[in-house]
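**Q** Have a look at the structure that comes next, please.
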Amino acid sequence: MVGSSPQTLVMKFGGTSVGTPEAITQTAQIIQRQRALTPRLIVVTSALSGVTDLLLNSAAAAARGDSNTYNQAVQTLRNKHEAALKALIPDRARQEEIRGAITLLILDFANLCQAIGVLGEATPRALDAVASLGERMAVRLLAGVLENMNVSAQYVEATRLIVTDDNFQSANPDIPATQMATRAVLNTLLDQGVVPVVTGFAGATRSGVTTTLGRGGSDYTAALIGATLPADEVWIWTDVDGVMTADPRIVPGATTIEELTYREVSELAYAGAKVLHPKTIRPVIEAGIGLRVLNTFNPDCPGTRLVSELPVADQHIVKSVTAIRGQSLVTLEGRGMLGVPGVAARTFAAIAATGTSITLISQASSEQAICLAVPVNTAEVLVSALQNEFYREIQRKDIDRVWATGEVVIVTVVGEGMRSTPGVAGKVFSALGEKRVNVIAIAQGSSEVSISFVINAEDIRTAVQTLHDLVIKEGAR
Ligand code: ADP
Ligand code: ASP
Ligand code: MG
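Okay, so the sequence shown: first residue is 88 according to the numbering used here, each after it adds one.
Written as structure tokens, this is what we have:
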């Protein structure tokens, strides 16, 4: 284990950490050991791995009139939770009680899918009600396993803690209201020596309607609870040895980064490193509490510690490389654009009106083109929106065309040392040039600790591997 014993600690476990009976055992042992060191321990858990996808895919299928998918999912959900229940909770009465609770949630799922099928539409509100069910099953199971190990535990629905607006599927927390609720509910349990086991991902509006914080949002739940309670630290337990020099699924030689600044990890998280949800960092910085990323399956590895500053000697020029797949580059171009006032403002307003969020912006210095990276499935709608907005300029030939590429990838390199080191971009692009990777557009992060660029989707492995070699070679100053 990591050897430290904060007085108040939030530990969040991801889907793989509770994905199988063996993983749940491992997780429960980590909690049990930590409980001996930390008097006030709060656990946040994700749904069992694969469950959220299963729930959401079933709801989408139901909306298309397909009821087979959710009927099959009912069986899969039963089997998955039943396997853990049988293996880990031998006490018959407790097993029966938890089975009953999970069965009711599965019934809710089937009823919701049926209603979605009748309506022929899955609204964001209905999808949140469906998606949050996975965590609700998981907390009951994990709390039961802990009780079985004589760790006093109580499941808690985050709908009682995290107060949000009604921006379903990516709800925004109301921090003062969340703080009041979190303190009232959790302190009562903590004062009694109980470990609260809280559902990640979910929240509720003031009037009690269930919302979710966005995919991967359980990290954010942990940060919100840690910041509002407040805890001394938040530990994110996942399935790799911390934040690494690249996604180990793409670069097998990737290694763990022991210390990373908040700026670096924010850039990485926003640039696609799934290991930490991008919204996790802000509440933690604002509350001034510690954050670590650890591996459930290698708990003695110290993982990654996030820090506010690093001594200059420890700053690396390029520390990690990450990528976002499934993008398209939408370009607005024309020589007459130079004279048209407010092109950028009108472009962004037209895009905002479609509800799309832009992943990357790059403008040629000649002002002859504005390039925007957006999720590839939104590109067609955006091109039409921009063609409508600039209809007159297109007629007058001030704007030549608005067009979108096929699928592209955004690759980002991150390193605090970049700010004070000239020539980093040069090194990055020569390395890519040598491997004949064509760079389509470039943008530098505003905090100057990252450079992002757009490449063709088929070049992702070569680009990430090449830049990872650079991380290894050039990393330290
Ligand atoms: P959890 O279910 O525990 O929240 P996630 O799947 O959301 O886990 O995030 C962990 C995964 O993030 C890892 O398995 C890894 O493949 C991926 N990942 C992407 N980039 C990085 C990186 N730079 N460092 C570590 N893991 C990364
Ligand atoms: N279970 C949710 C998801 O898969 C939240 C999370 O895992 O963080 O997106
Ligand atoms: Mg995650």
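Where is the CB? At the ideal position from N, CA and C, for every residue including glycine. Everything numeric in this text was worked out from a predicted model, so none of it was measured.
Residue range of the beta strand (DSSP E) that residue 413 falls in?
**A** That run of the beta strand (DSSP E) goes 407-420.
**Q** Could you tell me the alpha carbon to alpha carbon distance between residue 415 and residue 212, rounded to whole angstroms?
**A** One C-alpha to the other measures close to 28 Å.
**Q** Quick check on this structure: which residue in 169, 238, 544 has the alpha carbon closest to the alpha carbon of residue 108?
**A** Here the closest residue by C-alpha is 169.
**Q** Give the list of continuous beta strand (DSSP E) stretches no shorter than 3 residues that lie fully inside the region 285-334.
**A** With a minimum length of 3 residues, the continuous beta strand (DSSP E) runs that stay inside the region 285-334 are 289-292, 297-299, 320-325.
**Q** Please report the residue range of the alpha helix (DSSP H) in which residue 181 lies.
**A** Here the alpha helix (DSSP H) through residue 181 covers 179-206.
**Q** Let's test the definition: count the other Cβ atoms within 10 Å of the Cβ of residue 159 and tell me whether it reaches 16, buried, or not, exposed.
**A** Under this definition residue 159 is an exposed residue.
**Q** By Cβ distance, which residues of its chain are closer than 7 Å to residue 197, with the 5 residues on each side in sequence left out?
**A** So the list reads 157, 161, once near-sequence residues are dropped.
**Q** Using the Cα positions of residue 126 and residue 285, report the straight-line distance between them to the nearest angstrom.
**A** Approximately 17 Å, taken between the alpha carbons.
**Q** Assuming residue 363 and residue 417 are in contact, meaning their beta carbons sit under 8 Å apart, how far apart are those beta carbons, in whole angstroms?
**A** Actually they are not in contact, since the Cβ atoms of residue 363 and residue 417 sit about 28 Å apart, beyond 8 Å.
**Q** Does DSSP put residue 461 in a helix, in a strand, or in coil?
**A** Note: residue 461 maps to strand in three-state DSSP.
**Q** On the DSSP letters alone, give me the boundaries of the beta strand (DSSP E) that residue 449 sits inside.
**A** Per DSSP, residue 449 belongs to the beta strand (DSSP E) from 447-450.
**Q** Does the separation of the CB atoms of residue 291 and residue 250 fall below 8 Å?
**A** Yes, they are a contact pair.
**Q** Is the region 503-516 close to the region 395-406, with three or more CB pairs under 8 Å?
**A** Yes, the region 503-516 touches the region 395-406.
**Q** Output the residue ranges of the alpha helix (DSSP H) runs that lie fully inside the region 496-549 and measure 4 residues or longer, sorted by chain position.
**A** Correct list: 511-521.
**Q** Whole angstroms is fine: what's the gap from residue 190's alpha carbon to residue 175's?
**A** Their Cα atoms are separated by approximately 17 Å.
**Q** Secondary structure at residue 423, three-state DSSP: helix, strand or coil?
**A** It is helical.
**Q** Suppose you measure from the CA of residue 519 to the CA of residue 553; what does that come to, to the nearest Å?
**A** Distance between the alpha carbons of residue 519 and residue 553 is about 7 Å.
**Q** Rounded to whole angstroms, what's the CA-CA distance from residue 429 to residue 355? Just pull it up for me.
**A** The straight-line gap from Cα to Cα measures roughly 32 Å.
**Q** Buried or exposed: residue 202, going by 16 or more other Cβ atoms within 10 Å of its Cβ?
**A** Result: exposed.
**Q** Between residue 122 and residue 223, what straight-line distance do the alpha-carbon atoms span, to the nearest angstrom?
**A** Their Cα atoms are separated by approximately 23 Å.
**Q** Determine the contact status of residue 352 and residue 393, defining contact as a CB-CB distance below 8 Å.
**A** Cβ distance < 8 Å, so residue 352 and residue 393 count as in contact.
**Q** Just to confirm my understanding: we take residue 563, look at its own chain, exclude 5 residues before and 5 after, and list those with CB closer than 7 Å. What are they?
**A** Caution applies to residue 563, whose pLDDT of 46 falls short of 50 and renders its modelled position unreliable; the value that the coordinates give is listed next. Cβ within range, chain order: 403.
**Q** Check residue 392 in the structure and name its three-state DSSP category.
**A** DSSP places residue 392 in strand when its eight states are reduced to three.
**Q** Which complete beta strand (DSSP E) runs does the region 233-260 hold, if anything under 3 residues is left out?
**A** With a minimum length of 3 residues, the continuous beta strand (DSSP E) runs that stay inside the region 233-260 are 240-243.
**Q** So what's residue 491 in DSSP terms, helix, strand or just coil?
**A** The answer is strand: DSSP assigns residue 491 an E or B state.
**Q** Per DSSP, what kind of secondary structure is residue 364 in: helix, strand or coil?
**A** Coil, per DSSP.
**Q** Tell me whether residue 307 is buried or exposed, calling it buried when 16 or more other Cβ atoms sit within 10 Å of its Cβ.
**A** Flag for residue 307 reads buried.
**Q** Do residue 318 and residue 370 count as a contact pair if the criterion is CB distance below 8 Å?
**A** No, these two residues do not count as a Cβ contact at 8 Å.
**Q** The ligand ADP and residue 134: does the residue's C-beta get closer than 7 Å to at least one heavy atom of that ligand?
**A** It does not: the Cβ of residue 134 is nowhere closer than 7 Å to a heavy atom of the ligand ADP.
**Q** Would you mind working out which of 464, 420, 543 sits nearest residue 449, comparing C-alpha positions?
**A** Nearest option by C-alpha distance: 420.
**Q** Buried or exposed for residue 466, going by 16 or more other Cβ atoms inside 10 Å?
**A** With 16 or more other Cβ atoms within 10 Å, it is buried.
**Q** Following the continuous alpha helix (DSSP H) through residue 100, name the residue where it begins and the one where it ends.
**A** First-last for residue 100: 95-100, but that is the beta strand (DSSP E), not the alpha helix (DSSP H).
**Q** Should residue 376 be labelled buried (16 or more other beta-carbon atoms within 10 Å of its own) or exposed?
**A** Buried, by the Cβ-count rule.
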